[in-house]
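A.B. asks: Structure incoming, see below.
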Amino acid sequence: MAAATLGSLDAWLAYKARGDLAFKQGAFDLAAEEYTGSIDSWGQATSVPEADQQQKVYANRCLAFQRVQKWQESLEDAKAALQLDPAWLKGWFRLGAALLGLQLPQEAIIAFETGLELDGGNVALQQQVVEAKQLLKAQQTSGRKKPAASQAVLEDVRNFLVGTIAALKLNGNPMPAGQDDPPGTKAAKRRANRHRKAATTGPKPKTPEEEAEELKAKGNAEYKEGRYTAAYNSYSAAIAKAPNAAAYYGNRAAAAMMLRNYKVAADDSTKATQLDASYHRGYVRAAKAYLCMGKLDMADRLYEEALQQCPPDGAAQLRAERNLVHTVRQRLDLGRAALARGDPREAQWHADAAVRAVTPSPETAILLRCEALLAAQKHAEALSESRGLTIEGDAQAPEVLTFQASALYLSGNMTMAQKMYEAALSKDPDMAACKKGLKRLRSQNSSKEAGNTAFKLGRWQEAYDHYTTALEADPHLRTTFVAQCACNRAATCMKLSRHEEAVKDANMAVEADPGFTKGYLRRGNAYLALEQWEDAVRDFEKVKDMDSSTPDIDSLLKEAKLALKKSKRVDYYKLLEVSSTADETELKKAYRRAALKFHPDKVATEEREAAEKQFKLVGEAHAVLADPEKRQKYDQGWTLEEIDQGHCCGGHGAGGGVDMDDLFAHMFAGGMFGGGGTGGGRRPRPGGFY
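And the structure:
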């Protein structure tokens, strides 16, 4: 069954709303399940619904059961609704419909006609009476008797009808003749005689004390079956009949304990001891309830009182329970001390020991474990653990909601964190920790939104400042929110040509959220701007692996790889000290200058080897850049080896590098740096120079 929705609504009302929706959609089994959840949560609700609200839930579940022909369940719900208010018209209608489904037309007629006594003009009830009479006549005509299995049900129904009609009389409803039959007519007299006979021939109405005992017995049976909410409600009904019976409060306290409604359990147990000072169980249950709430001083005092009331044979067991108070206190003290000195692992160890010491576990021990998990950066685990956290049995206590808000905030779910903070403040507007957390969160969100707006308007520095404000609000936060803000600030740095800052912000983004694809993409672009080609390729490949559908990732990766490839070649333009747009004349002049500069005959002997290498490269550069086809391929990222292989494939002779003899012949063919052809053939050389 789904958990109750979050907010100011109690769980029971949230269940009812889902049940209503399921019913409208025709999902009657699901609707019944949700209504059951609503009824079961009454014992845990921060405010128990009024009787008229309870009636509606019972009536709705009753109708859902009828739609799937679960007549016995429907009957029980109709009875429950009428027990809350015997004068409720819809309850009689639902009861009659359930009885018809159980093939009990005579009893259904009584139910429908009782409803008509309350509203004689109700057409739907009149139609149901006709239908019930037709079924009764059909049964009498066929001679079919009621199945044996329904005899117990029949007896229970008749007793219920007699008792409820009597309750109507006691409440000032004298059951006059039907308003649809004029007084004094035969029909009115027959109707009145029928009700009079039903009210006088059955067993006499029970006293409130007798009814209370029956309700207590019913609650005991439900408790043994593990139906603690039903037991709680039965004990509550018994208390309403006999409000001065200590045992009833004690029993309801036991049911409340099983429902983890410790505050109610403590109050009921205390009430029981006030009504009967010798009621030993009251002291024990109150002590256990306070222990579970983590109110250890009160628990210790009550165990002491219980020991004074305890029979000798039970003292040892009670002392053992009292010792648990000291065990829990010691573990909590040690755990809190560990947390204070920054050791969440040890804090969790002590918290776990306190949790295991008592069943149900003390709320303060569960809270300490949640706090330790949060301090250990296990945000998701802390949030999951807090789902079972209560304060005084209330899962919607402001302290619980505030902790869950903090866990959501540290997990990066800013939207849900804000809703949770607001829900906590609606319950306790003065809660300082909650107010502080909500104020910080709202400031972060507003700064981020302001940054986004400024960025869209092209106000880069203003956007940068807003993102900085959002990030500085909590410098230790490492979530997706931080990743987004840092990545956005990196984008503003790119716009401001502050590429190294952009890299730092992108680093912050991927550290805060390693799965944040946009952080790697942003850093890759910054590396491109910084001409750090290998880093750019690595980041773009990471993005492609994480999400191959990222826009432009293929072209960006191709661009980075091409730039990286170019960076590993000799930059011929740089070597000749010309721009990439230099024309033929500029290239010739640059070539001659470079050749003269690196000519082996122009340098000292010890520098000649290095000069020869540079001289060769100058020749290669000129050979490639002076050839339009080769130059085009070079500009496209081809290496010298690829260019030469391309010549081979194209049938232009053996390629590969430039021979020293060719280079000298070329330079001196027409005199010193004069014009002239290249002359001479080239000896093949494997590979080429980068």
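So that you can map any letter, position 389 of the sequence shown is 389 in the UniProt record's numbering, and since no number is skipped, the others follow by simple counting.
Think of the CB as a built atom: it goes at the ideal place given N, C-alpha and C, for glycine as much as any other residue.
Please go through the same chain and pick out, in chain order, the residues whose beta-carbon is closer than 6 Å to the beta-carbon of R67, but skip the five residues on each side of it.
C.D. replies: Within the same chain, R67 has close Cβ partners F28.
A.B. asks: Our contact map puts F65 next to D52 with C-beta atoms below 8 Å; I'd like the distance itself, whole angstroms only.
C.D. replies: Contact flag wrong, Cβ pair sits at about 21 Å.
A.B. asks: Starting from D333, trace the alpha helix (DSSP H) both ways and give me its first and last residue.
C.D. replies: D333 -> alpha helix (DSSP H) spans 315-340.
A.B. asks: Enumerate, from N- to C-terminal direction, the unbroken alpha helix (DSSP H) stretches of 4 or more residues contained entirely within the stretch 605-653.
C.D. replies: Entirely contained in the stretch 605-653, the alpha helix (DSSP H) runs reaching 4 residues are, in chain order, 608-625, 628-635, 640-650.
A.B. asks: For the putative contact between C485 and A470, defined by C-beta atoms under 8 Å, what is the C-beta separation to the nearest angstrom?
C.D. replies: Right, their Cβ atoms sit about 5 Å apart.
A.B. asks: For Y248 versus A256, is the C-beta distance shorter than 9 Å?
C.D. replies: Cβ atoms of Y248 and A256: not closer than 9 Å.
A.B. asks: Please list, in chain order, all residues of the same chain as Y527 whose beta carbon is under 6 Å from its beta carbon, the five residues on each side excluded.
C.D. replies: Cβ within range, chain order: D535, A536.
A.B. asks: With distances taken from CA atoms, which of D513, W460, H476 is nearest C493?
C.D. replies: Per the Cα distances, W460.
A.B. asks: Starting from D394, follow its DSSP beta bridges and name the residues at the other end.
C.D. replies: I391, per the DSSP bridge assignment.
A.B. asks: Should A348 be labelled buried (16 or more other beta-carbon atoms within 10 Å of its own) or exposed?
C.D. replies: According to the sequence shown, residue 348 is Gln rather than Ala. Buried is the call here.
A.B. asks: Please state the DSSP three-state secondary structure of A17.
C.D. replies: Note: A17 maps to helix in three-state DSSP.
A.B. asks: Mind reading off the beta-carbon distance from G19 to S38? Whole number of angstroms is fine, and I expect it under 8 Å.
C.D. replies: 7 Å between Cβ atoms; contact.
A.B. asks: For T359, name the three-state secondary structure that DSSP assigns.
C.D. replies: Coil.
A.B. asks: Report the residue ranges of all alpha helix (DSSP H) runs contained in full by the stretch 536-569; include only those spanning at least 4 residues, in chain order.
C.D. replies: Listed in chain order, the complete alpha helix (DSSP H) runs (minimum 4 residues) inside the stretch 536-569 are 553-567.
A.B. asks: Out of S411, L125, A231, point me to the one whose CA is closest to residue 695's CA.
C.D. replies: A question about residue 695 goes unanswered here, because the residues of the chain that appear run from 1 up to 690.
A.B. asks: How big is the Cα-Cα spacing for Q72 and F160?
C.D. replies: Their backbone Cα atoms lie some 14 Å apart in a straight line.
A.B. asks: How many angstroms separate the CA atom of A315 from the CA atom of H326?
C.D. replies: Rounded to the nearest angstrom, the two C-alpha atoms are 17 Å apart.
A.B. asks: How many angstroms separate the CA atom of P360 from the CA atom of C310?
C.D. replies: For P360 and C310, the distance between alpha carbons rounds to 23 Å.
A.B. asks: What does the alpha-carbon distance come out to for the pair W12 and M416?
C.D. replies: Taking the straight line joining both Cα atoms gives about 22 Å.
A.B. asks: Nearest-angstrom Cα distance between L575 and A376?
C.D. replies: Near 57 Å, if we compare the C-alpha coordinates of A376 and L575.
A.B. asks: Assuming E131 and L104 make a contact with CB atoms under 8 Å, what is their CB distance in whole Å?
C.D. replies: About 13 Å separates the two Cβ atoms, so there is no contact after all.
A.B. asks: Among the candidates V123, L136, L89, T581, whose CA atom is the shortest distance from the CA of A108?
C.D. replies: Nearest C-alpha to A108: L136.
A.B. asks: Compare the beta carbon distance of L368 and A340 with 9 Å and say whether it is the shorter of the two.
C.D. replies: Taking 9 Å as the Cβ cut-off, L368 and A340 do not qualify as a contacting pair.
A.B. asks: Could you tell me if K589 is buried or exposed, where buried requires 16 or more neighbouring beta carbons within 10 angstroms of its beta carbon?
C.D. replies: Flag for K589 reads exposed.
A.B. asks: How many angstroms separate the CA atom of residue 734 from the CA atom of S142?
C.D. replies: Here the chain comprises residues numbered 1 to 690, so residue 734 is not present and cannot be evaluated.
A.B. asks: Please state whether DSSP places C493 in a helix, a strand or coil.
C.D. replies: C493: helix per DSSP, three-state reduction.
A.B. asks: Of all the options K206, N445, R260, A231, which has the alpha carbon lying nearest to the alpha carbon of K241?
C.D. replies: The option with the nearest alpha carbon to K241 is K206.
A.B. asks: Decide if E606 is buried, meaning its Cβ has at least 16 other Cβ atoms within 10 Å, or exposed.
C.D. replies: Exposed is the call here.
A.B. asks: Return the residue from the list F455, M508, L373 that minimises the CA-CA distance to H476.
C.D. replies: Comparing Cα-Cα distances from H476 to each of F455, M508, L373, the minimum goes to M508.
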